[in-house]
Each structure stands twice: as C-alpha cells, then as structure tokens.
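Heads up: the sequence lines are chains A and B, in that order.
1 is the number of the first residue of the first sequence in the working numbering; add one for each residue after it.
1001 is the number of the first residue of the second sequence in the working numbering; add one for each residue after it.
Note that the Cβ used here is the ideal one computed from N, Cα and C, for glycine as well.
Below is one structure, written out as structure tokens, with a few remarks after it.
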Amino acid sequence: MSFQPVKFYQTGTFTVGNRLLAPEERSVQANLRRTNSLNSGHRACQGCGEALGARYAIDAAMEATQRQLIAANATGCLEVFSTPYPETSWQIPWIHSLFGNAAAVATGIAAAMRVKGREHVRVIAQGGDGGTTDIGFGCLSGMFERNDDVLYICYDNGAYMNTGVQRSSATPPAARTATTMAVGAEPGNVFGQGKDLPAIAMAHRIPYVATATVAELRDLEAKVRRAMEFRGARYIHIFVPCPLGWGHASDQTIRIARLAKETGIFPVFEAENGEVVSASKIRRRLPVEEYLRPQKRFAHLFGKPPRADLIARMQELADRNIRRYGLVDTSGAQR
Amino acid sequence: MRKPFAITLDPGSSLANHTGTWRTLRPEYVDRLPPCNGACPAGENIQGWLYHAESGNYEAAWRLLTQDNPMPAVMGRVCYHPCESSCNRTRLDAAVGINSVERFLGDEAIRHGWHFDKPPASSGKRVLVVGAGPSGLSAAYHLARLGHAVEIHEAGPVAGGMMRFGIPKYRLPREVLEAEVRRILALGVALHLNSKVSSVLESMQRGRFDAAFLAVGAHIAKRAYIPAGSAAKVLDALSVLRSMEGEEKPLLGRRVVVYGGGNTAIDVARTAKRLGAEEAVIVYRRTREKMPAHDFEVEEALQEGVLIKWLSTIRQAGDASITVERMVLDEKGFPQPTGELETLAADSVVLALGQDVDLALLDGVPGLEKKDGAVQVGPDMMTGHPGIFAGGDMVPAERTVTVAIGHGKKAARHIDAWLRGTRYAPPPKHEPATFERLNPWYYSDAPKSVLPTLDVVRRQSTFDEVVKGLDESNALYEARRCLSCGNCFECDNCYGVCPDNAVIKLGPGKRFQFNYDYCKGCGLCVAECPCGAIRMVPEEI
Chain A
1 MSFQPVKFYQ TGTFTVGNRL LAPEERSVQA NLRRTNSLNS GHRACQGCGE
51 ALGARYAIDA AMEATQRQLI AANATGCLEV FSTPYPETSW QIPWIHSLFG
101 NAAAVATGIA AAMRVKGREH VRVIAQGGDG GTTDIGFGCL SGMFERNDDV
151 LYICYDNGAY MNTGVQRSSA TPPAARTATT MAVGAEPGNV FGQGKDLPAI
201 AMAHRIPYVA TATVAELRDL EAKVRRAMEF RGARYIHIFV PCPLGWGHAS
251 DQTIRIARLA KETGIFPVFE AENGEVVSAS KIRRRLPVEE YLRPQKRFAH
301 LFGKPPRADL IARMQELADR NIRRYGLVDT SGAQR
Chain B
1001 MRKPFAITLD PGSSLANHTG TWRTLRPEYV DRLPPCNGAC PAGENIQGWL
1051 YHAESGNYEA AWRLLTQDNP MPAVMGRVCY HPCESSCNRT RLDAAVGINS
1101 VERFLGDEAI RHGWHFDKPP ASSGKRVLVV GAGPSGLSAA YHLARLGHAV
1151 EIHEAGPVAG GMMRFGIPKY RLPREVLEAE VRRILALGVA LHLNSKVSSV
1201 LESMQRGRFD AAFLAVGAHI AKRAYIPAGS AAKVLDALSV LRSMEGEEKP
1251 LLGRRVVVYG GGNTAIDVAR TAKRLGAEEA VIVYRRTREK MPAHDFEVEE
1301 ALQEGVLIKW LSTIRQAGDA SITVERMVLD EKGFPQPTGE LETLAADSVV
1351 LALGQDVDLA LLDGVPGLEK KDGAVQVGPD MMTGHPGIFA GGDMVPAERT
1401 VTVAIGHGKK AARHIDAWLR GTRYAPPPKH EPATFERLNP WYYSDAPKSV
1451 LPTLDVVRRQ STFDEVVKGL DESNALYEAR RCLSCGNCFE CDNCYGVCPD
1501 NAVIKLGPGK RFQFNYDYCK GCGLCVAECP CGAIRMVPEE I
C-alpha cells in the first residue's frame, strides 16, 4: 500500500493536517502553499464533493510534478461551474473542448509535449462519470489501449447532475434520478446494469488504476502521487457525493463518502498492470442502510413498507465488493 | 485584453464572483468548555495544558496548569480526578489519564527545578492566611502572584495540613509535598509554624493585615457512643494517621477493626496492614455501593488483604473482641438493626467517622455565621464579616484536597478584588463541549495506559508509594489521547475540507479564519471538525 497511516498521534493521519507530525508527513492540503488549483469563486453547489475532489487531486498532482501540469477537461459540472465565460477558477493550464473527447485531447497534448521534448510536463484528463463512462468512453478506451502518457481522473457522482440529474452508466441500482423515477415494482435505477469502470480500466492492463473518496484525503493524495511515478495510461476513479443529485444535506458530503467506503458500497483499492495490489480496509463495518438512508435518492427504499428486498440486494453488492477486494481485515488488526 | 494564442481567460479570475452572497448560515470558530475543565474543582484548564503536553512542551504545560493549581505533583497523586469521570473519551474507549499526566508534569517540574514567576509589582496590601493546608497554601500562592504580601500562620509543626496528617505516605511521599510547598514559599510567602491563631481579629490587628483567609480545616474526630470495657483500646483515625508522622508509631495490635466507610477508614486499614496487623477489618453499616470511599481505593485495599464487613455496626467493644450487629437496608436505603449479633476478635478499634471544625478562633467576630459546625460563606468565599474569607474543609463543601485548592484560588481572586475596592466577576463560561459536538471518526484508537503498581507483598509491609508514575513516552502518549473537546487544535480539517477554499490558515498557533467573501455556508467544516470548535449561526438577511 502506498499510504502508511500514522497511529496514536491524537488524530494520526485521519485529519487533513496534524501539528504533531513532521511537515513532510502532512498532506498537501494542510500546506499553506498548496496550489488551490481550483480557486474560490466557482459556482459549484454548497458542499460540492466534485469541487473538493478536484482540488484535492489536482493540488496533489501539481505538487507531484513540481507544477509542470496541463489538464484537459470534459464537459460536465466541473467544467460548467469552474469556467463560465469570462471567468475561470482554475489556476493551472487548463483546456476544455467537448463532452466526449477529453481523453483524446489529453493524448494530443502529451504527444505535442513529447515532440517538443518537454516530457517533464505531465498531462491530466478529467471529467465526471457521464463524460467518462458514457460519452467519452470510446476515446478513453483508446487512450488506455495505446497506453498514452496521461492520467485520467473520473469524479464519480453517479449521474448527469449539471443538466438535472439524469441517469448515467455509473448510477447505482435503485437510485432515483430524473430518468429513473421511483415508481413501479423496481423503483429507481435497475439492478444489473452500468459499468464498473475501474475494472474495465484494469482489463486494459494499464500501469496503474486506483479508486479513492473525498473522505480519505491522505489515501487520495498518495494515489495521485503514485500515479505520477508511472509513464503511460493511468486511471483514478474518485467517489464524490453530490448534495443536489443525491438529496443529502450539504454538510454531509464527506460523511456519505465515508459511509460508502465503510459499508463496502464503494471499494477503495489500487491496481498495477491489471492486478489489485492493495485495498483500503474498512475501519468499522456498517450495514448498507447507514449509507442509503441519509440520501433522498434512496428514500423510496425506506417508505411504508420499506423495500427490504432491494436493500438486501444492495447489501449483496457491498458484500461482493468486500469479498472480492478483501476490504475487511481478517487478521484482527483492523482500524 | 490581448492574450497569447488560444488563451482566453485569466487564471483564478473567478475571484470576482463573491459566492459568499449565497450564504444563509455562517460558520464561526468557537471555544467550548471541555467537560474535564468543567468538572475540575480547582478550575484547571486541562484541555489547555494537555495541548502543550501533546507537543512535548512540558514546561509550557506546567506553567499553564499552575496558573490554577500550584501543586500538580501532589494533585497528580491524591486528586480523585472528577475530570476523568467526565471525559468524553470514555465514550470511545477509556478516559484520558489526566491525573497521571498531571503527576508527570509535577514530577518533571520538581526534577528540573522549575520556579514560579515572581509577581510584577507589589500591591502594598497584607493578607493573613490561617492554616497551611491545601486551601491556605493555594490562597497564599494566588495572592502572592497577584502582588500581595502573605503570611501563613500554621498551628502545627509542619506545613501541609491534611495532605500530611490525613493522607498516608504510600499515597503521597512527603518529599513531593515538601518540594511543592517550598516552591510556593519561594514566591516570598512567609510561613509561621507552631503559631496557632486563637482570635482572628486580634491577629489581624496585631499584624496590620488588610484581609484574612481562614483555612484551618476539620480535624476534630467525630465520636460515636460505643459501650467499651475498661481495657478496650478505642482510637480515632486522625490521631492514628497523625502519629504516623512522628517517631512513635501507633500500637494497634494484631487485629485491628476500623469503623467507618470513608476514604479515611480505608487509609487507616491500609496503614494498619503496613504496620504489621494480621487482620485489618473495616466495619461499615451500609453496602459497597453506598460507601463514600472511592472505588479504586477500596479495590487497592482489598488487594492488600484488608477485609470489609458490610452492613454491620459496632455494639460493644471489649478488651480483645467487639460485638457487631448485622444491619439491613430499608426501602429508603437506610440501615436498620436486625438484632443478630456476632463477636469479632479485635485488639483495637479505630473510629473513622468524619471530622468537625475547630471554630474557636472565630469567637467574637461580628457578623460571622456558623451553621452545622461550619463557617458560612457567600459565593465570593467571604464570611459575614467584611475582609474575612474562608475555604477548605471549614466551609460547607465536599472535603477533598482538590476542592480546597479550588477554594484557595477562588478566595484569592475575590480577596484581590476586595482589596482593590472592586468585585471579581468571573468571565462567562463557554457552552459545554458535549460528545455530540465532536466528530470522533478522526481520533486514532488508543487505549488508556495502565499505571504500574507496587507488588502486593511490598504494599503490605512497606510505606513505598503504591501507584507509580508515567515515564516520558507514556505521558506523551496519554496526553495525545486528548480529544481537545471544543477547542481548536489545528488539525487543518476545516482548511482542507472547504470545497470553496474559503478558510484562511493563519499559521502555527494562530488557528484559522473564514473568508466570508467566498464561504457558501455548506457546513462541511462544522461537520468534519473533530473537536466541535466551529458552529453555524443564521446569517442576518
């Protein structure tokens, strides 16, 4: 595992910083001189998980590349809220082209840098789950297949939020969206559909694939740093709750992400050359209800009577993740 | 605006968009009252000094601690630590070992010879302190630091009061007590030993004192009527403990019965065991749950082989035996006699039934009110007679060393104000930092460190200190278990979790500030603050 937690220092490495740790042991976000790549004044909703995840990831990438970084951005919330003409919140070289071609644009930038002999300038492509798993999927798969020297970061909030919460291929089962209403025998999004993009990326046998959440900053930063140690195609999938689309309070964004991990709904792991090399263990295992209940998009599961059958199917998905990625430490040394 | 090819926007130009206007709730940094501080009878800023101890700055921790309590090495041994009972960490694993860190800091101070800062200027006022027990010493210390000239008059031959004559050596080694007393005296406090004040008004007049603080304690043993044969040996607990300080140890015999259920009863029984008694039996009329003695002391006594006879009273004492009667608790929890008698072998009976105050020095003081054998004081610790204050065991309160030290501090503040012709108004208390205010997810799992204790065989035969202290690494670990309830400890969480980069980090020791131009009021900083040091308040619209 690329990130070694520090224990017994009041909060250890759970918090963003910790005055008791040596400066080099603190996170990028704790540093007064962090880049603030995505600066104040952006128009993301209150408590936006994507805005937070993007600053975490890009600040870490800036730090890891000595600020030699260019980002291509797919259309989506991140692009719309950060760069409404004539303003931008980005403080890095940043380009937006189309919804579906971020991976291709980044590939082009990387090729141009190689031709110019400026290969120390690293390239990131980023987008939401719509631009990644649906619309930009062809370009992304091509980028993986050619092993282009690009880190692709997907901020997964599980639907097209910016256009009014429509279903994407990353929307979880049973979730209500504008296009998967909570009606009928199987309300919300159907079970058994959607794409597991980290697994698809791994199937391309690219050098590095990782998942992370906004609830675990240290782990997220370590993965970005690790990704920058590789050349070739890399993919990081970051779980970013959306207060608007998911229907939770704006101050619950990080807690919801934490619950997704602690229930096993979202497995946090990393893989090199198509093989899982580490998984972030669950600290205190919880049933999926804890994750589902605070979100209005799952409210129909808790009506009268509650849909225990659908909750059980969600639990099965979580249990499968726990089994598959070994998310519960069986050596007894969990936490 | 000419820009290079394909460059359309200036970096960070969104700063023109003040998203703070979206806000309906605003976050504010607050300091809340941690439960430990709230529970401390001496009013220590426990969270505050642990903060310094966490970073290994023990001297700063000690200096902050001693702003409220001049005797941490003593207190770290004898205090019943209500702070730990109220600690929020009990809801996670076990309370922070505040008491043991306090003891460590006190011992460090003695080891390194740290001294109190002298007062900046003299006020020219003179204060008489009667009694060199915890309360009198504490008042003297605080008054001296406020610049007043203090004279302590102590009736006994040494300073310490109940800390010396009521608490056995195995709980408080005398060299520790003496070191902390010496440090208080080094502030310029004059101590007159063997100087009994028989009339406080006379003494004040003779010594031209502007105010007096009375802290003579309570050391007249309460008696109970027990029919006793002429050869029966009946002693009182305080004289037994007091004679332990002299050359001649008390002769208690092989089988000692102690009558009572308070901490003093336990102290005497454990002392008897150490003096060689084969049997030390405590006779108490109620049950263990009702016993006023602290549970850990009962436990330590039982480990050392002290026996306790619950629900029993002494009916009669003979020369080599006593007769006890079994009691039952009625529905109100009061013990009632059953008539069942039993005989216990006993060479001596020690009564530990509580103490009364010797109020003779207050005879003839106008305005002064006495009730139930104690001096009545107002919330400012002043008696009915202006300029005469009182505290410790002689006023109605719980009788512990910590309460006495707290009284001394409180009285000193009011005496200082009174001498200046003003009134001391304590600053308003912060709202409590309850467990519900915390986000305990962020704290590392860290169980409490267990203090090493002396081997039982040695505890039964010697007066060596029973509970040992922490070493430096343990103390640091224990201090770092503090959750810092309600007070920012600069974990950078708010700075990190703000999606709008609207928290300004001011640098080490300076905490943080909100940038209300961009804060949208999402509340993430509040929800993710581990220690509950931020609150949301409605924005005025």
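So, with DSSP's three-state summary, where would you put S1449 (chain B)? coil
Span of the beta strand (DSSP E) around A1345 (chain B): First-last of the beta strand (DSSP E) with A1345 (chain B): 1335-1345.
Since Y1284 (chain B) and G1305 (chain B) are thought to touch, with beta carbons under 8 Å apart, how far apart are those beta carbons, to the nearest angstrom? Their Cβ separation, rounded to whole angstroms, is 17 Å, which puts Y1284 (chain B) and G1305 (chain B) out of contact at 8 Å.
If I'm right that G405 (chain A) touches A102 (chain A) with Cβ under 8 Å, what's the distance once you round it to whole angstroms? There is no way to answer for residue 405 (chain A), as the model of chain A reaches only from 1 to 335.
Is it true that the CB of V1234 (chain B) sits closer than 8 Å to the CB of V1324 (chain B)? The Cβ-Cβ distance between V1324 (chain B) and V1234 (chain B) does not fall below 8 Å.
List, in chain order, every chain B residue whose beta-carbon is nearer than 8 Å to that of V16 (chain A). Listed along chain B, the residues sitting closer than 8 Å to V16 (chain A) by beta-carbon distance are C1491, D1492, N1493, Y1495, G1496, V1497.
Taking C-beta pairs closer than 7 Å, name the residues in chain A that T1021 (chain B) reaches, listed in chain order. Per Cβ cutoff of 7 Å: no residues; T1021 (chain B) is ~11 Å from chain A at best.
Do F1165 (chain B) and E1245 (chain B) count as a contact pair if the criterion is CB distance below 8 Å? Yes, the pair counts as a contact, with Cβ atoms nearer than the cut-off.
Terminal residues of the alpha helix (DSSP H) in which F1296 (chain B) lies: F1296 (chain B) -> alpha helix (DSSP H) spans 1295-1303.
Taking 8 Å as the CB-CB limit, is C1083 (chain B) close to chain A? no
Neighbour list for C1522 (chain B) in chain A, Cβ cutoff strictly below 7 Å: Q46, G47, S250, D251
On the three-state DSSP scale, how would you describe W94 (chain A)? strand
Are the C-beta of G41 (chain A) and some C-beta of chain B separated by less than 8 Å? yes
For E1539 (chain B), decide whether its Cβ has a neighbour in chain A, counting only Cβ atoms nearer than 8 Å. no
Counting only C-beta atoms, is P287 (chain A) closer than 8 Å to chain B at any point? Under the Cβ criterion of 8 Å, P287 (chain A) is not counted among the residues facing chain B.
Quick check: K1409 (chain B) and D1068 (chain B), are their CB atoms within less than 8 Å of each other? yes
I'd like to know whether the C-beta atoms of R313 (chain A) and F191 (chain A) end up nearer to each other than 8 Å. Yes, Cβ-Cβ distance for R313 (chain A) and F191 (chain A) is below 8 Å.
For I92 (chain A), is the classification buried or exposed, using 16 other Cβ atoms within 10 angstroms of its Cβ as the cut-off for buried? It counts as buried.
Ordered along the chain, which non-local residues of its own chain (more than five positions away) have a Cβ less than 7 Å from that of E272 (chain A)? P207, Y208
Along the segment 89-101 of chain A, what residues have a CB closer than 7 Å to any CB found in chain B? Of all residues in the segment 89-101 of chain A, only S89, W90, Q91 place a beta-carbon less than 7 Å from a beta-carbon of chain B.
Interface positions of the segment 1049-1080 of chain B facing chain A (Cβ-Cβ less than 7 Å), listed along the chain: E1054, S1055
Taking C-alpha atoms, which residue in A:Y160, A:K116, A:A74 lies nearest to A125 (chain A)? A:A74
Quick check: the Cα distance between G1113 (chain B) and A1121 (chain B), rounded to an integer number of angstroms? 24 Å
First and last residue of the uninterrupted beta strand (DSSP E) at N73 (chain A): 69-73
On the CB-based measure, 16 or more other CB atoms within 10 Å of its CB, does P1082 (chain B) come out buried or exposed? buried
Might you give, ordered along the chain, the residues of its own chain that have their beta carbon closer than 6 Å to the beta carbon of L1187 (chain B), omitting 5 neighbours on each side? F1116, A1144
Does I254 (chain A) come within less than 8 Å of chain B when only Cβ atoms are used? yes
Is there a Cβ from chain A that is less than 8 Å from the Cβ of V1101 (chain B)? no
Residues in the same chain with beta-carbon distance under 6 Å from S141 (chain A), minus the five sequence neighbours each way, listed in chain order, please. none
Buried or exposed: where does N977 (chain B) fall if 16 or more other Cβ atoms within 10 Å of its Cβ makes it buried? The structure shown does not extend to residue 977 (chain B), since chain B is modelled only from 1001 through 1541, so no value can be given for it.
Using a beta-carbon distance below 8 Å, is Y1516 (chain B) in contact with chain A? no
Under a three-way DSSP split, which group does Q252 (chain A) fall into? helix
Can you tell me whether I282 (chain A) is buried or exposed? The criterion is at least 16 other CB atoms within 10 Å of its CB, across all chains shown. buried
Examine chain B for any beta-carbon lying closer than 8 Å to the beta-carbon of E87 (chain A), and answer yes or no. yes
Considering only the alpha carbon of each residue, which of B:G1354, B:E1340, B:V1200 lies closest to A1218 (chain B)? B:G1354
Can you tell me which of B:K1125, B:G1020, B:E1490 puts its alpha carbon nearest to the alpha carbon of G1499 (chain B)? Per the sequence shown, residue 1499 (chain B) should be read as Pro rather than Gly. Among B:K1125, B:G1020, B:E1490, the Cα nearest to that of P1499 (chain B) belongs to B:G1020.
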